[in-house]
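If you number the sequence shown the way our numbering does, the last residue is 382 and the count never jumps.
What follows is one structure encoded as structure tokens, with my remarks underneath.
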Amino acid sequence: MQSRVVPLEEGKDPGAISRTNQYKPLPLRLLQLFVIFLAMCIAFSAISMYTIRRFGIYNMGNVAKSTFQPCYEEPSSLNKWIRPPSNLIHAMNDQELLWRASLVPRIKTYPFDRVPKIAFMFLTKGPLPLAPLWERFLKGHEELYSIYIHSLPSFEPRFPTKSVFFGRHIPSQISEWGRMSMCDAERRLLANALLDISNEWFILVSESCIPLYNFSIIYRYISKSKYSFMGAFDDPGPYGRGRYNENMAPEVNLTQWRKGSQWFEVNRRLAINIVEDTKFYPKFKKFCRPACYVDEHYFPTMLNIQAGNVLANRSITWVDWSRGGAHPATFGGADITEEFFKRILKGRLCIYNDRNSTICVLFARKFAPSALEPLLHLSTKALGY
Ligand SMILES: *[C@@H]1O[C@H](CO)[C@@H](O)[C@H](O)[C@H]1NC(C)=O
Ligand SMILES: *[C@@H]1O[C@H](CO)[C@@H](O)[C@H](O)[C@H]1NC(C)=O
Ligand SMILES: *[C@@H]1O[C@H](CO)[C@@H](O)[C@H](O)[C@H]1NC(C)=O
Ligand SMILES: *[C@@H]1O[C@H](CO)[C@@H](O)[C@H](O)[C@H]1NC(C)=O
């Protein structure tokens, strides 16, 4: 973005115009210099070719090294520290990745123009059936988001090169619901996303999630929030406090124990808390096993202890548990109507930045692949994108 803006501004700068005027009487002299330079270049290449032929392969290596290498070696610049990795595939194992992701600058102001981005982290089995809807939602906001996808390691993505999902899969491993391997996958997503220093907010979504507002509204809501949207509540019942294991003390005691939906939004600071954690991780891994579903407790409890005052304690992902049972409702093509979205979006009240707000949820799940066509028909009218 910066590189596009700067030349424009330089063009408008009166100083730049007078500078170019100074060279006006000189074009002939410049041309002469250029011709001499060109002649020297040709002579130089001819000599090089000759020496290469004459002294063979061994010397060619030397010539190439001594004369050409400085041209390719980039002078050490800040760029190499702030440019996101061009390829998300890497050879680091989890331990190496988490360590790398936990490196944090100590100076808090950035010495460059940083446009903070939202990292959408897709935790999936494989395909993204609602991808066309997301593409529509993201279109035109390329500088404000990045995408990371964790899928089953056996899944082979086949997105066209022009898709926003192309090349966005991270090295993945098998993860099971309710097990620590699920939290490992989430930490892996966070750690990969942290490698791009521009990512400031990290949102975990699934293949059955959809955005409920247009990008500008969601970006504004997230970026202006004083709190991170991690669901965290103290449930006194058997599915809350009932899952606490006393062996977790003294790191975690009963009053600090929290429960919350897996689908979170955290800022960069909290994301680093999560990837760097070595204090709570072993306790949860050992003492929170089914029927203690660790993905509902680990991050909410850990962040409640470390940074409870910056949590909104609520999720921004709507889900319908009203049908009862162990799984929330899944909506298919026949469910998608304007009334359906009115029911989700209207008549809500929640606290946002310590004030009442009617915008409470930004995403919704779960939607079946059959919902895609009706969603594409309705999204402009019902969801604003
Ligand atoms: C998003 O929606 C809001 C409110 O409906 C509207 O004012 C804004 O222009 C929309 N933004 C885009 C980029 O469409
Ligand atoms: C739990 O930890 C909190 C904060 O460290 C402390 O105030 C409280 O007394 C502890 N409760 C128990 C039961 O140990
Ligand atoms: C969330 O809960 C924590 C701990 O219970 C509390 O300190 C914090 O103020 C709550 N956040 C909000 C926004 O109320
Ligand atoms: C929020 O709304 C509730 C219910 O309408 C009202 O009682 C309360 O005073 C409002 N709070 C603020 C901060 O506006």
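Where a beta carbon is used, it is the ideal one built from N, C-alpha and C, also for glycine.
The structure presented is a predicted model; accordingly, all values stated were derived computationally and were not measured.
Could you have a look at Arg352 and say whether DSSP puts it in helix, strand or coil? Your numbering for residue 352 matches position 355 in the sequence shown. It is a strand residue.
Can you pull every residue whose C-beta falls closer than 6 Å to some heavy atom of ligand 3, listed in chain order? Tyr224, Asn301, Gly305, Asn306, Leu308, Ala309, Asn310
The segment 245 to 263 touching the segment 303 to 315, judged by at least three CB pairs closer than 8 Å: yes
Measuring only the C-alpha atoms, how far is Asn18 from Gln29? Counting from 1 along the sequence shown, the entry for residue 18 is found at position 21. Counting from 1 along the sequence shown, the entry for residue 29 is found at position 32. Because the pLDDT at Asn18 is just 42, under 50, the model does not fix this residue reliably, and the value given afterwards should be weighed accordingly. Approximately 19 Å between the Cα atoms of the pair.
Quick one: residues with CB closer than 6 Å to any heavy atom of ligand 1, in chain order, please. Asn211, Ser213, Ile214, Gly381
Starting from the C-beta of Ala379, find all residues in its chain whose C-beta is less than 7 Å away, skip the five residues before and the five after it, and write them out in chain order. The count along the sequence shown starts at 1 and reaches residue 379 at position 382. Excluding residues within five positions, the ones whose Cβ falls inside 7 Å are Glu335, Phe338.
Within 8 Å, do at least three Cβ pairs link the segment 218 to 236 to the segment 298 to 307? Contact holds: three or more Cβ-Cβ distances are below 8 Å.
When you measure from the CB of Asn353 to every non-hydrogen atom of ligand 4, does any distance come out below 6 Å? As a position in the sequence shown, residue 353 is number 356, starting the count at 1. Checking the Cβ of Asn353 against ligand 4 gives yes.
Which residues in the same chain as Ala288 place their Cβ atom closer than 8 Å to its Cβ, once the five residues preceding and following it in sequence are excluded? By 1-based counting over the sequence shown, the position of residue 288 is 291. Once the five neighbours on either side are set aside, the close Cβ partners of Ala288 are Arg240.
Contacting residues, own chain, Cβ-Cβ under 7 Å from Gly330 (five flanking each side not counted): In the sequence shown, residue 330 corresponds to position 333, counting from 1. Excluding residues within five positions, the ones whose Cβ falls inside 7 Å are Ser367, Ala368, Glu370, Pro371.
Alpha helix (DSSP H) runs contained entirely in the segment 107 to 145, provided each spans 4 or more residues: 128 to 135
Identify the residues that DSSP records as bridge partners of His147: which are they? As a position in the sequence shown, residue 147 is number 150, starting the count at 1. Its beta-bridge partners are Leu120.
Leu308, DSSP secondary structure in three states: Working through the sequence shown from its first residue, we reach residue 308 at position 311. Three-state result, Leu308: strand.
How about Ala326 and Ile207: do their beta carbons lie closer than 7 Å? On the sequence shown, position 329 is the one that residue 326 refers to. On the sequence shown, position 210 is the one that residue 207 refers to. No, the Cβ-Cβ distance between Ala326 and Ile207 is not below 7 Å.
Rounded to the nearest angstrom, what separates Pro150 and Gly237 at their Cα positions? What you label residue 150 is simply residue 153 of the sequence shown in a count that begins at 1. What you label residue 237 is simply residue 240 of the sequence shown in a count that begins at 1. Answer to the nearest angstrom: the Cα atoms are 32 Å apart.
Can you tell which of Asp181, Phe296, Arg345, Ser205 has its C-alpha closest to the C-alpha of Gln92? On the sequence shown, position 95 is the one that residue 92 refers to. Taking only the C-alpha atoms, the option nearest Gln92 is Asp181.
Once DSSP output is grouped into helix, strand and coil, what is the label at Pro247? On the sequence shown, residue 247 is found 250 positions in, with the first residue counted as 1. If DSSP states are grouped into helix, strand and coil, Pro247 belongs with coil.
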